[in-house]
Amino acid sequence: MSSSTPNLRAENREQRTDHPTNILPAAVLTVSDSCAKGENTDLSGPAVVDVLTRHKFSVMTTKIVPDDTLAISNAIVLLTDEARLVVTTGGTGIAQRDVTPEATRMVCTRIVEGIAEHMRAEGMKKTPLAALSRGICGVREKSLVLNVPGSPKGAVESLEAVIDLLAHALQLLAGNTRHN
Amino acid sequence: MSSSTPNLRAENREQRTDHPTNILPAAVLTVSDSCAKGENTDLSGPAVVDVLTRHKFSVMTTKIVPDDTLAISNAIVLLTDEARLVVTTGGTGIAQRDVTPEATRMVCTRIVEGIAEHMRAEGMKKTPLAALSRGICGVREKSLVLNVPGSPKGAVESLEAVIDLLAHALQLLAGNTRHN
Amino acid sequence: MSSSTPNLRAENREQRTDHPTNILPAAVLTVSDSCAKGENTDLSGPAVVDVLTRHKFSVMTTKIVPDDTLAISNAIVLLTDEARLVVTTGGTGIAQRDVTPEATRMVCTRIVEGIAEHMRAEGMKKTPLAALSRGICGVREKSLVLNVPGSPKGAVESLEAVIDLLAHALQLLAGNTRHN
Numbered sequence: 052m053s054s055s056t057p058n059l060r061a062e063n064r065e066q067r068t069d070h071p072t073n074i075l076p077a078a079v080l081t082v083s084d085s086c087a088k089g090e091n092t093d094l095s096g097p098a099v100v101d102v103l104t105r106h107k108f109s110v111m112t113t114k115i116v117p118d119d120t121l122a123i124s125n126a127i128v129l130l131t132d133e134a135r136l137v138v139t140t141g142g143t144g145i146a147q148r149d150v151t152p153e154a155t156r157m158v159c160t161r162i163v164e165g166i167a168e169h170m171r172a173e174g175m176k177k178t179p180l181a182a183l184s185r186g187i188c189g190v191r192e193k194s195l196v197l198n199v200p201g202s203p204k205g206a207v208e209s210l211e212a213v214i215d216l217l218a219h220a221l222q223l224l225a226g227n228t229r230h231n
Numbered sequence: 052m053s054s055s056t057p058n059l060r061a062e063n064r065e066q067r068t069d070h071p072t073n074i075l076p077a078a079v080l081t082v083s084d085s086c087a088k089g090e091n092t093d094l095s096g097p098a099v100v101d102v103l104t105r106h107k108f109s110v111m112t113t114k115i116v117p118d119d120t121l122a123i124s125n126a127i128v129l130l131t132d133e134a135r136l137v138v139t140t141g142g143t144g145i146a147q148r149d150v151t152p153e154a155t156r157m158v159c160t161r162i163v164e165g166i167a168e169h170m171r172a173e174g175m176k177k178t179p180l181a182a183l184s185r186g187i188c189g190v191r192e193k194s195l196v197l198n199v200p201g202s203p204k205g206a207v208e209s210l211e212a213v214i215d216l217l218a219h220a221l222q223l224l225a226g227n228t229r230h231n
Numbered sequence: 052m053s054s055s056t057p058n059l060r061a062e063n064r065e066q067r068t069d070h071p072t073n074i075l076p077a078a079v080l081t082v083s084d085s086c087a088k089g090e091n092t093d094l095s096g097p098a099v100v101d102v103l104t105r106h107k108f109s110v111m112t113t114k115i116v117p118d119d120t121l122a123i124s125n126a127i128v129l130l131t132d133e134a135r136l137v138v139t140t141g142g143t144g145i146a147q148r149d150v151t152p153e154a155t156r157m158v159c160t161r162i163v164e165g166i167a168e169h170m171r172a173e174g175m176k177k178t179p180l181a182a183l184s185r186g187i188c189g190v191r192e193k194s195l196v197l198n199v200p201g202s203p204k205g206a207v208e209s210l211e212a213v214i215d216l217l218a219h220a221l222q223l224l225a226g227n228t229r230h231n
């Protein structure tokens, strides 16, 4: 209780989110029962990291959780603590265990419908099945959470369709100038 | 009470949902005060049946209910018990008694926003008024529920815009392979 | 207490909503902390009034409130009492104090998703940032509420993209013929 650990940890966390103006801290959350069990190798997570890095995001943390609402929402809460953008991959479909959008909604205060609409509209130029993706984009405190599909190709294409929008949205979230 | 009727009925229901691989059981629910009272002939229901049949769905049941939230949601619950796809026609507008989307939402565990978006986007190529249709597509257990407008033309065009997507979505719902 | 004021006021209100067939009563609600404090001049409100007037709406009331959920929803309730269309401008973004869509949702019984989708789709033809606008269109009793962005340009373009749809929707809301 008399230890200075809490302060040190707080300072550490501050340092971790400290970053040059153009580099935004991001995190990638892979949602997959089979990857969480180690039965499959996570290919989508690294593919998402790659896209983020090429767009001036700095990926600080990657994490794998099973398709479980509570596991997903808890992970999002922790990751948004340090990252301004959390990209989840997987669990956006319509099968019974696809619950990523629901878990995201639970911990976001507002939803940016237009980003999901735009991901689907762009996706449908390549495959009509993009209409079945239920991924959303939500705001939690000063961070954005984006759900992209679980396939590496779907994940990369969805993210690339909106990443410039996300960068701009994060500026608005950080700035807050219009209303003060 | 000692009768075997319950078992027989259960068996019958099983038989009714039994179907060849490519033929999926469907149901059509007409939502209309005037058709339910017998004041108007239901033209949209048969038009929807026709589209489904041409797309390898087997329509097992058709039903007419008034524009009443509880009547609609109860009918959807019963129909999804035996049909993999339930198409409702009517009650998707913005008038006071247009409550089909609300009734559908009540009994579905997840909404596939992209299907509604696609119906409207396709509809707007023909008439801007398609933007006013509030129909949704929801998942209930292993079944899909789709709301299309009440006019025969609007119902047919909306359904045709997404029927291939629905067939694919039903495969995903039945399969569940990705997560096991 | 024995005064006839309540009756007089009710009569007055009736008169105010009385209007020729083609002229629909509208109201404009500017949502802005700085305009409410008098620190900035409201430019968007008058720009919205101008578009409405050119489209045969008669703007009966304009009002300015801060970016406060309760202030916004209370104003919408009062304004829909007399106006068939209430257009709000401001508070549709993703900053912390952008709460107009949430306030609108609180007092509307149904949402017309297609109108918001269409505003964003049209807006994105000019700027990709239109995807970040979270404005919605809702129904309250026989009135419509539309959220447009806070910039005069964004407000005018968004409103013009859907104003013909709104006029048609209001006819449907007033008529109610299909279901009686």
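Protein chains in written order, with this note's numbering: chain A, 52 to 231; chain B, 52 to 231; chain C, 52 to 231.
We put the CB at the ideal spot given by N, CA and C, even for glycine.
Could you name the residues of the stretch 187–205 of chain C whose beta carbon sits closer than 7 Å to any beta carbon of chain B, in the order they occur along the chain?
-> Val190
Kindly indicate if chain A contains any beta-carbon less than 8 Å away from that of Ala126 (chain C).
-> no
Report, in whole angstroms, the separation of the C-beta atoms of Glu192 (chain A) and Thr131 (chain A), which I expect to be a contact under 8 Å.
-> 6 Å
Of the listed residues B:Ser83, B:Ala167 and B:Gly89, nearest to Arg185 (chain A) (C-alpha basis) = B:Ala167
Within chain A, the residues that Pro76 (chain C) reaches when beta carbons sit closer than 7 Å | Ordered by position in chain A, no residue passes the 7 Å Cβ test against Pro76 (chain C), which lies about 29 Å from the chain.
How would you call Ile74 (chain C), buried or exposed, if buried means at least 16 neighbouring beta carbons within 10 angstroms?
-> exposed
Could you tell me if Asn91 (chain B) is buried or exposed, where buried requires 16 or more neighbouring beta carbons within 10 angstroms of its beta carbon?
-> exposed
Contact with chain B by Leu223 (chain C), beta-carbon distance below 8 Å | yes
What is the DSSP secondary structure of Leu75 (chain C), counted as helix, strand or coil?
-> strand
If you drop the 5 nearest sequence neighbours on each side, which residues of the same chain put their C-beta closer than 8 Å to that of Thr143 (chain A)?
-> Asp149, Thr151, Pro152, Ser184, Arg185, Gly186, Asn198, Val199, Pro200 and Gly201
Taking Ala220 (chain A) as the query, report the chain C residues whose CB atoms sit under 8 Å from its CB, ordered along the chain.
-> Ile145 and Leu183
Under 7 Å Cβ-Cβ, which residues of chain A neighbour Glu168 (chain C)?
-> Glu168
Can you tell me whether Asp118 (chain C) is buried or exposed, with buried defined as 16 or more other CB within 10 angstroms of its CB?
-> buried
Buried or exposed: which applies to Thr81 (chain A), given that a residue is buried once 16 or more other Cβ atoms fall within 10 Å of its Cβ?
-> buried
Could you check how far apart the C-beta atoms of Asp93 (chain A) and Ile115 (chain A) are, in whole angstroms? I think they sit under 8 Å.
-> 6 Å
At which residues does the beta strand (DSSP E) containing Ser109 (chain B) begin and terminate?
-> Phe108 to Val116
Output yes or no for whether 8 Å exceeds the beta carbon distance between Ser83 (chain A) and Gly141 (chain A).
-> yes
Could you pull out every unbroken beta strand (DSSP E) segment of at least 3 residues lying fully inside the stretch 138–165 of chain A, listed in chain order?
-> none
For Ala134 (chain C), does the count of other Cβ atoms within 10 angstroms reach 16, so buried, or fall short, so exposed?
-> buried
Nearest residue (CA-CA) to Ala218 (chain C), options C:Arg105, C:Pro97 and C:Ser85 | C:Arg105
Measure the beta-carbon distance from Cys188 (chain A) to Leu195 (chain A) and round it to whole angstroms, keeping in mind my assumption that it falls under 8 Å.
-> 6 Å
Of the residues that make up the stretch 82–109 of chain C, which ones have a beta carbon closer than 7 Å to any beta carbon in chain A?
-> Asp84
Contact belief for Ile145 (chain C) with Val163 (chain A) at Cβ below 8 Å, rounded distance in angstroms = 6 Å
Ala182 (chain B) and His169 (chain C) look like a contact to me (Cβ under 8 Å); what is the Cβ gap, rounded to whole Å?
-> 5 Å
Just how far apart, CA to CA, sit Pro71 (chain B) and Leu129 (chain A)?
-> Here the model assigns Pro71 (chain B) a pLDDT of 48, short of 50, so the residue's position is not dependable and the matter cannot be decided.
Answer with buried or exposed for Ala225 (chain C), where buried requires no fewer than 16 other C-beta atoms within 10 angstroms of its C-beta.
-> exposed
Do Val110 (chain A) and Leu103 (chain A) have their C-beta atoms within less than 8 Å of each other?
-> yes
Given Pro76 (chain B) as reference, the closest of B:Gly96, B:Phe108, B:Val158 and B:Arg161 once Cα atoms are compared | B:Phe108
Examine chain A for any beta-carbon lying closer than 8 Å to the beta-carbon of Arg135 (chain B), and answer yes or no.
-> no
Would you please verify whether the beta carbon of Val163 (chain A) is less than 8 Å from any beta carbon of chain C?
-> yes
Quick one: grab the DSSP three-state call for Asn125 (chain A).
-> helix
Secondary structure at Leu136 (chain C), three-state DSSP: helix, strand or coil?
-> strand
Is it the case that the Cβ atoms of Ile123 (chain B) and Val137 (chain B) are separated by a distance below 8 Å?
-> no
For the putative contact between Val190 (chain A) and Arg156 (chain A), defined by C-beta atoms under 8 Å, what is the C-beta separation to the nearest angstrom?
-> Contact flag wrong, Cβ pair sits at about 11 Å.
Return the first residue and the last residue of the alpha helix (DSSP H) that Leu197 (chain C) is part of.
-> Run containing Leu197 (chain C): none in the alpha helix (DSSP H); it sits in the beta strand (DSSP E), Ser194 to Val199.
Does any C-beta atom of chain A lie closer than 8 Å to the C-beta of Leu121 (chain C)?
-> no
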